[in-house]
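Every letter in the sequence shown is one number past the one before it in my numbering, and letter 76, counting from 1, is 222. Note that the Cβ used here is the ideal one computed from N, Cα and C, for glycine as well. Every value quoted in this text rests on a predicted model; they were computed, and no experiment measured them.
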Amino acid sequence: MTAAGPVALDVRGLSKHFGGVRAVDDCSFIAPKGKVTGLIGPNGAGKSTAIDLISGFKLPDAGSVVFEGKALQGLSPHRISRLGLIRTFQTPREWRELTVLENVVLARWDESRETFWRGVLGLRQAGREATLSELSEARGILQEFGLIALRNERAGNLSGGQKRLVEFARIRMAKPQLVILDEPMGGVNPVLGERMALAIEGFITAGTSVIVVEHNLPFIERVTDHVVVMSQGSVIANGPFESLRSNQAVVDAYLGEMPTYEQPGA
Ligand code: ADP
Ligand code: MG
């Protein structure tokens, strides 16, 4: 694909082999700035490994990743996140001992400190007080995500879907240039689907480009501007979701019958 506008992420020839398994194999794609890019493919296609390579959690055997014009080769996950590229994991990660509000406020601080303090200290002990403007911004985000009533709850006590929403609230607070979401709907009550979709639209409005890996294809259709399809480590197709329905390689590899998105209650 050739991107018409500015590019958030440019992945070229990325490869990672585990013994004889070509988990990621000459994978190339572009994520445009200000858009939602879907990354789909059957189980084992290499999506999570590709995310690990992009975000510095694994070292590629070959290939390059350019983020906002900067090559990421060899940078640690901390350095990459501080450049403004944040990724989530298939299981939400929150500071279980801290409150929902503390979790969101702390997302503004740099990642290395955040990891250091993770799960150990409350806000007051974490080196400095949150400023009033940080607190009011965090409260505003919690309001928007329907989490304000839970602000003083320990994050560890929340349901899977609520934890995912807190993670999304943390992303809004951190305001990265790009976020990569690995199966955000996994383990989440489908009723929350529309709220998650609106949250992703909110990321774009706030200036954060999005890459989303998800098995829930109706959700992918609902939220993405275009979709990259991986199979056996490589990209086999990309384009608007609608265009994939008639793509034989995609149908053969994976998609088959594709349902359409229905808003809950519609
Ligand atoms: P996806 O996220 O698309 O389901 P993964 O990236 O998790 O795919 O896995 C791609 C392939 O690489 C699979 O065959 C998987 O078993 C293999 N794989 C992933 N991580 C490792 C690892 N650490 N060691 C060995 N094989 C791995
Ligand atoms: Mg995966």
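Q: Specify which residues have a beta carbon nearer than 7 Å to any heavy atom of ligand 2, listing them in chain order.
A: Qualifying residues come out as 193, 194, 236, 328, 329, 359.
Q. Residue 206 to residue 171, Cα distance in whole Å?
A. By one-based count along the sequence shown, residue 206 stands at place 60. By one-based count along the sequence shown, residue 171 stands at place 25. Within the model, the alpha-carbon separation for residue 206 versus residue 171 is close to 10 Å.
Q: Per DSSP, which residues does residue 372 bridge with? Please list them.
A: On the sequence shown, position 226 is the one that residue 372 refers to. Answer is 183, bridged to residue 372.
Q. Once you ignore the five residues that flank residue 226 on each side, which residues in its own chain have a CB closer than 7 Å to its CB?
A. Translated into the one-based positions of the sequence shown, residue 226 becomes position 80. The residues are 201, 202, 218.
Q) So what does residue 328 bridge to, in DSSP terms? A) Walking along the sequence shown from the start, residue 328 turns up at place 182. Per DSSP, the beta-bridge partners of residue 328 are 359.
**Q.** residue 163 versus 238, 249, 173, residue with shortest Cα-Cα distance
**A.** Here the question's residue 163 lines up with position 17 in the sequence shown. Checking every option, the nearest Cα to that of residue 163 belongs to 173.
**Q.** Nearest residue (CA-CA) to residue 237, options 204, 311, 229
**A.** Within the sequence shown, numbered from 1, the residue matching residue 237 stands at position 91. For residue 237, the nearest C-alpha among the options comes from 311.
Q: Express the C-alpha separation of residue 228 and residue 257 in angstroms, rounding to a whole number.
A: In the sequence shown, residue 257 corresponds to position 111, counting from 1. In the sequence shown, residue 228 corresponds to position 82, counting from 1. Model confidence at residue 257 stands at a pLDDT of 48, short of 50, so the residue's coordinates are unreliable; what they give is reported in the following sentence. Spanning the two alpha carbons is a distance of roughly 7 Å.
Q: Compute every distance between the C-beta of residue 320 and the non-hydrogen atoms of ligand 1, then say whether any falls below 6 Å.
A: For the purposes of this step, residue 320 is taken as residue 174 along the sequence shown, with counting starting at 1. Of the heavy atoms belonging to ligand 1, none sits nearer than 6 Å to the Cβ of residue 320.
Q | residue 195 burial status per 10 Å Cβ neighbour count (16 or more: buried) | A | Here residue 195 corresponds to residue number 49 of the sequence shown, with the count starting at 1. Residue 195 is classed as buried because its beta carbon has at least 16 other beta carbons within 10 Å across all chains shown.
Q: Please name the residue, chosen from 284, 159, 232, that lies closest to residue 210 on a Cα-to-Cα basis.
A: The residue you call residue 210 lines up with position 64 of the sequence shown. The shortest C-alpha separation from residue 210 is found at 159.
(Q) Can you check which of these residues, 166, 341, 251, is closest to residue 319 by C-alpha distance? (A) For this step, residue 319 is matched to residue 173 along the sequence shown. Cα-wise, what sits closest to residue 319 is 251.
(Q) Assuming residue 299 and residue 245 are in contact, meaning their beta carbons sit under 8 Å apart, how far apart are those beta carbons, in whole angstroms? (A) By 1-based counting over the sequence shown, the position of residue 299 is 153. By 1-based counting over the sequence shown, the position of residue 245 is 99. 6 Å between Cβ atoms; contact.
Q) At what residues does the alpha helix (DSSP H) containing residue 223 begin and finish? A) Taking the first residue of the sequence shown as position 1, residue 223 is located at position 77. 223-228 is the span of the alpha helix (DSSP H), which, as asked, contains residue 223.
Q | Cβ pair residue 331, residue 360 closer than 7 Å | A | In the sequence shown, the residue the question calls residue 331 occupies position 185. In the sequence shown, the residue the question calls residue 360 occupies position 214. Yes, Cβ-Cβ distance for residue 331 and residue 360 is below 7 Å.
Q. Comparing the CB of residue 383 with every heavy atom of ligand 1, is any distance shorter than 6 Å?
A. Here residue 383 corresponds to residue number 237 of the sequence shown, with the count starting at 1. The answer is no for residue 383.
Q) Any heavy atom of ligand 1 within a distance shorter than 6 Å of the CB on residue 164? A) To locate residue 164, count along the sequence shown from 1; it is residue 18. In terms of side-chain proximity, the C-beta atom of residue 164 is found nearer than 6 Å to a non-hydrogen atom of ligand 1.
**Q.** Below-7 Å beta-carbon distance, residue 168 vs any chain C residue
**A.** Reference to chain C is not applicable here, since this structure consists of a single protein chain.
Q: Just mark residue 234 as buried or exposed, buried being the case when its beta carbon has 16 or more other beta carbons within 10 Å.
A: Walking along the sequence shown from the start, residue 234 turns up at place 88. Looking at its Cβ environment, which holds 16 or more other Cβ atoms inside 10 Å, residue 234 is buried.
Q. Using a threshold of 6 Å, is the CB atom of residue 190 nearer than that to any non-hydrogen atom of ligand 1?
A. Residue numbering aside, residue 190 sits at position 44 when the sequence shown is read from its first letter. At least one heavy atom of ligand 1 is nearer than 6 Å to the Cβ of residue 190, so yes.
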